[in-house]
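Student:
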Amino acid sequence: MATKQQEAVHTLQENARLLGDLSRAQGDLHQAQEEVRGLRPLKDELGFAQRRSEELGRRLVEQDAAVQQLSTSKEQLQAKVDELLSAKQQLELALATARSSVTAQEQVVASMLERFSTPATGPNLVANPVEEAGRPGKRESKKSTGTGT
Numbered sequence: 105m106a107t108k109q110q111e112a113v114h115t116l117q118e119n120a121r122l123l124g125d126l127s128r129a130q131g132d133l134h135q136a137q138e139e140v141r142g143l144r145p146l147k148d149e150l151g152f153a154q155r156r157s158e159e160l161g162r163r164l165v166e167q168d169a170a171v172q173q174l175s176t177s178k179e180q181l182q183a184k185v186d187e188l189l190s191a192k193q194q195l196e197l198a199l200a201t202a203r204s205s206v207t208a209q210e211q212v213v214a215s216m217l218e219r220f221s222t223p224a225t226g227p228n229l230v231a232n233p234v235e236e237a238g239r240p241g242k243r244e245s246k247k248s249t250g251t252g253t
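First residue of the sequence shown? That's 105 in this note's numbering, and the numbers climb one at a time after it.
Written as structure tokens, this is what we have:
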């Protein structure tokens, strides 16, 4: 009977120990469940953040493509600007050359008119006063049209 009592005491002690373990395990379980409840909103936020990240990734790819397209357009436009600037320089050079040519031609014409309009010596001047009176008017009209261009 003493053995049975010892076994019963030992069993009771074991049950008390197991009951303590069970109580601690239930406490741990309860704490873990509370932590899980606290993590649920974070899980939802994480899902939202992942979706947002994917959306931003797609937008980034689209914007990179747009930037690439704009860079290509910029290069094409820059080439056209360079071409137009070159054409402008050529036109400015041609204009300067043409102006120089016009100035030289005006000087030649003025020189020729001056030679033709110098008074002739002798009887021509007295014999034809009407002709001489008409020449200065002609000279002025030619000069005015020549310098107006």
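Glycine included, each C-beta is placed from N, C-alpha and C at the ideal position.
Alpha carbon to alpha carbon, what distance is there between Gly124 and Arg144?
Tutor: Working through the sequence shown from its first residue, we reach residue 144 at position 40. Working through the sequence shown from its first residue, we reach residue 124 at position 20. Going by the C-alpha atoms only, they are around 30 Å apart.
Student: Given this structure, state the Cα-to-Cα distance separating Arg128 from Gln137, to the nearest angstrom.
Tutor: For the purposes of this step, residue 128 is identified with residue 24 of the sequence shown, where counting begins at 1. For the purposes of this step, residue 137 is identified with residue 33 of the sequence shown, where counting begins at 1. Rounded to the nearest angstrom, the two C-alpha atoms are 14 Å apart.
Student: For the segment 162–188, list the beta strand (DSSP E) runs that are entirely contained and at least 3 residues long, ordered along the chain.
Tutor: none
Student: For Ala200 and chain D, any beta-carbon pair shorter than 7 Å?
Tutor: In summary, chain D is missing from the structure at hand, where a single protein chain is found.
Student: Which of the three DSSP states is assigned to Leu199 in this structure?
Tutor: Here the question's residue 199 lines up with position 95 in the sequence shown. Looking at Leu199 - three-state DSSP - the assignment turns out to be helix.
Student: Is Pro223 helix, strand or coil by DSSP?
Tutor: As a first step, residue 223 is located in the sequence shown; it is residue number 119 there, counting from the start. Coil.
Student: Return the CA-CA distance between Arg121 and Glu149, expressed in angstroms with no decimal places.
Tutor: Numbered from its first residue, the sequence shown carries residue 121 at position 17. Numbered from its first residue, the sequence shown carries residue 149 at position 45. Computed Cα separation, rounded: 42 Å.
Student: To the nearest angstrom, report how far apart Arg162 and Ala183 are at their CA atoms.
Tutor: Counting from 1 along the sequence shown, the entry for residue 162 is found at position 58. Counting from 1 along the sequence shown, the entry for residue 183 is found at position 79. Rounded to the nearest angstrom, the two C-alpha atoms are 32 Å apart.
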